[in-house]
Structure formats: C-alpha cells, structure tokens
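So the protein lines, in turn, are chains A and B.
Under this note's numbering, the first residue of the first sequence carries the number 1, and numbering increases by one thereafter.
Under this note's numbering, the first residue of the second sequence carries the number 1, and numbering increases by one thereafter.
Built from N, CA and C at the ideal position, the CB exists for glycine as well.
Predicted model only: the values in this text are computed from it and were never measured.
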Amino acid sequence: MIELLAPALLAGLAVALVAGPMGAFVVWRRMAFFGDTLAHGALLGAALALALDVNLYLAVVVACLAIAAALVGLQQQRQITGDTLLGIVAHTTLALGVIALSLQKSVQVDLFAYLFGDLLAVNWRDVLALWAGAVLILVLLAWHWRALLSITVNEDLAQVEGVPVTRTRLILMLLLALLIAGAIRTVGVLLITSLLVIPAAGARRLSRTPEQMAALASLLGLASVCLGLTVSWYADTPVGPSIVVAAALLFGFTLLRRPDS
Amino acid sequence: MSQLRADNQTLVAVHGVGLAYGAHSVLDDVSLTLEPGRITTLIGPNGAGKSTLARLVLGLTRPDRGRVERRAGLRIGYMPQHLEMDESLPLTVDRFLWLAAPGRTRARRDALQRTGVAHLRRRAVSGLSGGEMQRVLLARALLRKPDLLVLDEPAQGVDVSGQDALYGLLGQVRDETGCGILLISHDLHLVMARTDQVVCLHHHVCCSGTPEAVSRDPAYHRLFGPSGGMPNLAVYTHDHDHDHDLSGDPHHDAHQGGHHHD
Numbered sequence: 001m002i003e004l005l006a007p008a009l010l011a012g013l014a015v016a017l018v019a020g021p022m023g024a025f026v027v028w029r030r031m032a033f034f035g036d037t038l039a040h041g042a043l044l045g046a047a048l049a050l051a052l053d054v055n056l057y058l059a060v061v062v063a064c065l066a067i068a069a070a071l072v073g074l075q076q077q078r079q080i081t082g083d084t085l086l087g088i089v090a091h092t093t094l095a096l097g098v099i100a101l102s103l104q105k106s107v108q109v110d111l112f113a114y115l116f117g118d119l120l121a122v123n124w125r126d127v128l129a130l131w132a133g134a135v136l137i138l139v140l141l142a143w144h145w146r147a148l149l150s151i152t153v154n155e156d157l158a159q160v161e162g163v164p165v166t167r168t169r170l171i172l173m174l175l176l177a178l179l180i181a182g183a184i185r186t187v188g189v190l191l192i193t194s195l196l197v198i199p200a201a202g203a204r205r206l207s208r209t210p211e212q213m214a215a216l217a218s219l220l221g222l223a224s225v226c227l228g229l230t231v232s233w234y235a236d237t238p239v240g241p242s243i244v245v246a247a248a249l250l251f252g253f254t255l256l257r258r259p260d261s
Numbered sequence: 001m002s003q004l005r006a007d008n009q010t011l012v013a014v015h016g017v018g019l020a021y022g023a024h025s026v027l028d029d030v031s032l033t034l035e036p037g038r039i040t041t042l043i044g045p046n047g048a049g050k051s052t053l054a055r056l057v058l059g060l061t062r063p064d065r066g067r068v069e070r071r072a073g074l075r076i077g078y079m080p081q082h083l084e085m086d087e088s089l090p091l092t093v094d095r096f097l098w099l100a101a102p103g104r105t106r107a108r109r110d111a112l113q114r115t116g117v118a119h120l121r122r123r124a125v126s127g128l129s130g131g132e133m134q135r136v137l138l139a140r141a142l143l144r145k146p147d148l149l150v151l152d153e154p155a156q157g158v159d160v161s162g163q164d165a166l167y168g169l170l171g172q173v174r175d176e177t178g179c180g181i182l183l184i185s186h187d188l189h190l191v192m193a194r195t196d197q198v199v200c201l202h203h204h205v206c207c208s209g210t211p212e213a214v215s216r217d218p219a220y221h222r223l224f225g226p227s228g229g230m231p232n233l234a235v236y237t238h239d240h241d242h243d244h245d246l247s248g249d250p251h252h253d254a255h256q257g258g259h260h261h262d
C-alpha cells in the first residue's frame, strides 16, 4: 500500500505545505475569488499545453499571469466591479478550457482529473518537480515576507517606508500562479482555492501572529492531505474532494475553540 | 520626482503642481516648501485637496502639471488619517511596528512609550480604538527617525486634552530631532497655536504665512466665514497676542472666558 500511496502522499504534502502561507495571504488580501479565477484559467493553460505540445507547468504559469495581467487591465474601467469581472473571466476561461480540451483529437483527456485532481496518478518525477517548486516558493516567500506583509497591512504606508509595492504585488501573483500550476494535477482546478482558503481560515482562530497563522495553515493542510488520502484509500472516494472535506472538518473543529485576542 | 541639490536644506519643494480627476480639478498651481525644524499646517474645508497635496509630498501620487522635488535620501514618517485593519490578519501592535523597524525591540518599546501607549504592545491591532490606533501609527512614524513627518488629520477622534497632548508631543519631537512636520487639518482647533507656517488651501493656495498673518488675511475669512472655528482660535490668540482682534466681527468675542451669544 505504501509504495502505491507514497508519491501521492508526498505530492499532496508539497502542495499543502505551500498552500498554508499562500492561503494566508489569499485570506488577508481577500483574494479567494481571484485565486479561483486564476485556477479556472489554468485549465485553459493546460489545454493549450496539450494542443501545442509544450510543458504543462510552464503553460499554466503563463496562462495565470496572462489572466492576472488582463484583470489588472480590465479593472482600469469602473463601471463593472472587480468581483463581476472575476466572475466573467473565471467562467469564460473555464468554458474555453473545457472546449479546448474536448477538441484534442490525439489524446484522450480525462477532464475530471483536471477539474478535481488525480493525486494517485502522479509519478516520482512529478513529486520531484512539486517539491522543487515548493522549496522555491517558500524561499521567495521568506525572502519577501516583510514586504508582503507590509503591503497587506497598508500599501500607502509600505510605499512611504520604501517598500517596492508594485514589484511585491507581482511577486505574490507569480507565486500564486506557480502554486496553481503545481496543484492542478493534484487537487484540480475546482478544489485548489479550498486548499488555499480553508486551512488558512482554520488557522486564524488559533493564531496571534501572521507567522503562526501561516505555519498552522500548513499543518492543517498537511493533516487534511493525510486524512483525505486515508479515507480515499479505505472508502474508495475520489482523492481531491476527500482532502477538501477533511480540511473542512478540521476547520469545523477550530470553530469549537473560543477566539482570543 | 526630482531631487533637490545636496547642499539645499529644504526637505520637499512643490512647484506649481496641478492635478485633476477627470474634469474635476483638485489642485491648481499649488506651491509649498517644507523646511527642517518647521511645522507647516495645511488647512482648508473638506474636499479642498489637502490629502491629495500630502500624497504628492509623500510620493504616492504624481502631479499632472508642475513638479515635486525632494531632498536626496529623505526619510518620511507618515501617519495616515485612518488605517483599517482586517481582522483576518492576526497582528500585535509590536509586530505592526516591526514592519517599519525590524529587529529593534527596544526602539519599538521606546516609541510606544513616547506616544503613551506602551501598555498596548501585545494587544491585537484590530481591537484598538481610534485614538489608540492614532498613537500607534504615530509611534510607527517616529520609529523611522524621519526627516519629515506627515500627519493627516492627527486629531481626529481624539478628545481635546488628547489633542493638546498630541500637539505638545509633535512640538517636542520637532525640537529634539529638528525634523520638519506637515500637518493636515480641516478644523482650526489648537492647530494654529503650535504651527510655524499655515497654508490655507482650497484647490489653490488662498493664503499662507505665520498663523497671525493668515488669521488677518481676508482670503482666510472668505474661506472659513467670519466665525468658522473662530472661538478656539481666539482663545489662543488671546493667550499670546493682545494687539489685534482676529475677526473684526462685532458678534465675535475674542476674550477667553467671555460670554457667548448662542
């Protein structure tokens, strides 16, 4: 059993580890819907990767960044508000992605695996790539931690104090795109936001500092992956959704604790 | 944003700036110089462009016309009008200050002591009252050892004795560090008393100069009306200057403790 599950487990843990601090920023900066939109757009990236026969991760990162840039451009006008724009872009790119995938003649594409992830299908090469990506994201996060936190608290104050606000915002966007690219094969397009948001939300009630919250979110995510995989193995449930339900259960437990502060 | 020459003492020089949001002109041909050791107060009614001018000084906004020059290596401490903290971010006051001054725990404690809120160090920022938050924000601005301190409506939500203490503290900081201070206010309470230069703004500079000179300027009275904010101003002037009546308004009593017709 362990030989079969080991790659899946290690891949899931890599994603959950990074989803902790990244999810904390998504929660603090109210980017949940934004992350969701990027994830939906990732499907389009994956479809294009198949059609053009280029690297999947690269294509997804490029697609996410293109969508982020398009959103920034669209937000220049004021008659359609941000969340409406996100709704338009998210579902349009999702639809385009599904159409593009269905048009693939050469390979049979398992759409379900892209939407909900297929952790059990990852091989050791994927695991290696995921951990390399995870380490890269964590290093970049640690390096820019204070700047990221500063612009999250107040962008004006950060800028007056010499933080390069625009660059820091771009770094956060890039890290999010990298994470989504890694997660698309493991938990899938539709569930990645939940792995970002649910553990971070659970960690909030147990934390008094941002670092505590980020670390606890990682821990809750790791526990969710272990729990979800176990349930999936014994009850033969789909892996991705099982992990999300496990995360939601753990979040439910944190509600039992009275908030301090 | 160009730089002033190194031998120039001036902190920030604003030359004839203009700025419009669409068809609505916010600032028109406004000039202003900020010098070290001098407290400059920007007064004017709501929507007069005071905050926009401050944002130009801070480098947060670019002017459409004119230019803003700053001294090379200028360190600015900024206290925004208010800061909304999202409760989703757990942050103690000490961590909040750490964002501006990493490493120096001692310095952070001293800064809080200075603004009279040392007891809040371990409290969550999101739970602070308006007045507490203002003092924490001031501590954060002071922590940067600024050459220029910019405060947007620092007296908002602070009671009168708190305001008095606040302006007293600003005067002290100026005397000790020699920094320049730019204050924004829409009311005249106490502000005039503690300031070296007053700039009266209503999209353009209506008048500027010492508090005494501005208070005699007809443009000032056109802007604030014969009695707008006057009683408090008169209280101050009575304390320090018996030579002139401020408003010349017969209904206005310039004497402290005098009777009021209401």
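For residue i, list the residues DSSP reports as bridge partners.
| i | result |
| --- | --- |
| Leu151/B | Met79/B, Leu183/B |
| Thr193/A | According to DSSP, Thr193/A bridges with nothing at all. |
| Val68/B | Val14/B |
| Ile43/B | Ser185/B, Cys200/B |
| Val205/B | Leu201/B |
| Leu4/B | Arg71/B |
| Ala113/A | In DSSP, Ala113/A forms no bridge with anything. |
| Ala124/B | Thr92/B |
Compute the beta-carbon to beta-carbon distance between residue i and residue j, rounded to the nearest angstrom, for a pair I have assumed lies under 8 Å.
| i | j | result |
| --- | --- | --- |
| Leu179/A | Phe116/A | At roughly 17 Å, the Cβ-Cβ gap does not stay under 8 Å, so Leu179/A and Phe116/A are not in contact. |
| Asn154/A | Leu83/B | 6 Å |
| Ile243/A | Gly12/A | 7 Å |
| Leu176/A | Leu38/A | 6 Å |
| Leu149/B | Val12/B | That pair is no contact at about 12 Å. |
In the DSSP assignment, find the unbroken beta strand (DSSP E) run with residue i in it and report its ends.
| i | result |
| --- | --- |
| Asp29/B | 24-34 |
| Val14/B | 12-21 |
| Gln212/A | No beta strand (DSSP E) contains Gln212/A, which is instead part of the alpha helix (DSSP H) from 210-235. |
Look at the alpha carbon of residue i and the alpha carbon of residue j, and state the distance between them as a whole number of angstroms.
| i | j | result |
| --- | --- | --- |
| Asp118/A | Leu250/A | 22 Å |
| Val61/A | Met133/B | 40 Å |
| Asn8/B | Val17/B | 21 Å |
| Tyr114/A | Gly20/A | 22 Å |
| Val122/A | Gln159/A | 43 Å |
| Gly44/B | Glu161/A | 27 Å |
| Val15/A | Leu120/B | 38 Å |
| Asp241/B | Arg222/B | Low confidence applies to Asp241/B: its pLDDT is 37, below 50, so where it sits in the model is not reliable, and the reading given next is rough at best. Looking at the two C-alpha atoms, the distance is approximately 23 Å. |
| Asp239/B | Thr52/B | Note that Asp239/B has pLDDT 38, beneath the 50 cutoff, so the model's placement of it is unreliable and the number below is only indicative. For Asp239/B and Thr52/B, the distance between alpha carbons rounds to 34 Å. |
| Leu174/A | Gln212/A | 23 Å |
| Arg263/B | Tyr167/B | Residue 263/B is absent from the model: chain B starts at 1 and stops at 262. |
| Leu193/A | Leu60/B | Correcting the residue type first, residue 193/A is Thr in the shown sequence and not Leu. For Thr193/A and Leu60/B, the distance between alpha carbons rounds to 33 Å. |
| Thr33/B | Val160/B | 29 Å |
| Phe34/A | Leu4/B | 42 Å |
| Leu74/A | Ser102/A | 29 Å |
| Arg144/B | Phe25/A | 26 Å |
| Ala213/B | Arg135/B | 31 Å |
| Ala32/A | Leu91/B | 21 Å |
| Val127/A | Ala42/A | 20 Å |
| Leu9/A | Pro146/B | 51 Å |
| Ser232/A | Ala183/A | 18 Å |
| Thr230/A | Pro102/B | 43 Å |
| Gly178/B | Asp156/A | 25 Å |
| Arg29/A | Thr152/A | 6 Å |
| Leu5/A | Arg75/B | 56 Å |
| Gly252/A | Ala217/A | 14 Å |
| Leu170/B | Gln76/A | 40 Å |
| Val125/B | Arg95/B | 9 Å |
| Leu17/A | Pro80/B | 36 Å |
| Ala47/A | Tyr78/B | 48 Å |
| Glu255/A | Ser2/B | The displayed chain sequence assigns Leu, not Glu, to residue 255/A. Going by the C-alpha atoms only, they are around 53 Å apart. |
| Asn55/A | Trp131/A | 17 Å |
| Gly263/B | Gly45/A | With chain B covering only 1 through 262, there is no way to say anything about residue 263/B. |
| Val239/A | Leu71/A | 32 Å |
| Arg167/A | Tyr220/B | 44 Å |
| Lys50/B | Val26/B | 9 Å |
At which residues does the alpha helix (DSSP H) containing residue i begin and terminate?
| i | result |
| --- | --- |
| Leu56/B | 50-58 |
| Leu250/A | 239-255 |
| Thr93/A | 82-102 |
| Leu130/A | 124-143 |
| Arg167/A | 165-183 |
| His263/B | Here chain B comprises residues numbered 1 to 262, so residue 263/B is not present and cannot be evaluated. |
| Ala213/B | 211-216 |
| Pro7/A | 2-28 |
### Query
Listed in chain order, which residues of the region 39-62 of chain A have Cβ atoms closer than 9 Å to some Cβ of chain B?
With the criterion set as a beta carbon lying under 9 Å from some beta carbon of chain B, the region 39-62 of chain A has no members that meet it.
### Members of the region 135-169 of chain A that neighbour chain B once the beta carbon cut-off is set at 7 Å
For the region 135-169 of chain A, the residues whose beta carbon sits under 7 Å from a beta carbon of chain B are, in order, Arg146, Leu149, Ser150, Thr152, Val153, Asn154, Asp156, Leu157, Gln159, Val160, Glu161.
### Message
Against chain B, which members of the region 203-235 of chain A pass a CB distance test of less than 8 Å?
### Response
Cβ contacts with chain B come from Arg204, Ser207, Arg208, Thr209, Pro210, Gln212, Met213.
### Task
Check distances from the C-beta atoms of the region 37-48 of chain B to those of chain A and list, in chain order, the residues that come in under 8 Å.
Within the region 37-48 of chain B, no residue qualifies.
### Message
At a CB distance below 9 Å, what residues from the region 82-110 of chain B approach chain A? Give them in sequence order.
### Response
For the region 82-110 of chain B, which is checked against every Cβ of chain A, the residues closer than 9 Å are Leu83, Glu84, Met85, Asp86, Glu87, Ser88, Leu89, Pro90, Leu91, Thr92, Arg95, Phe96, Trp98, Leu99, Ala100, Pro102.
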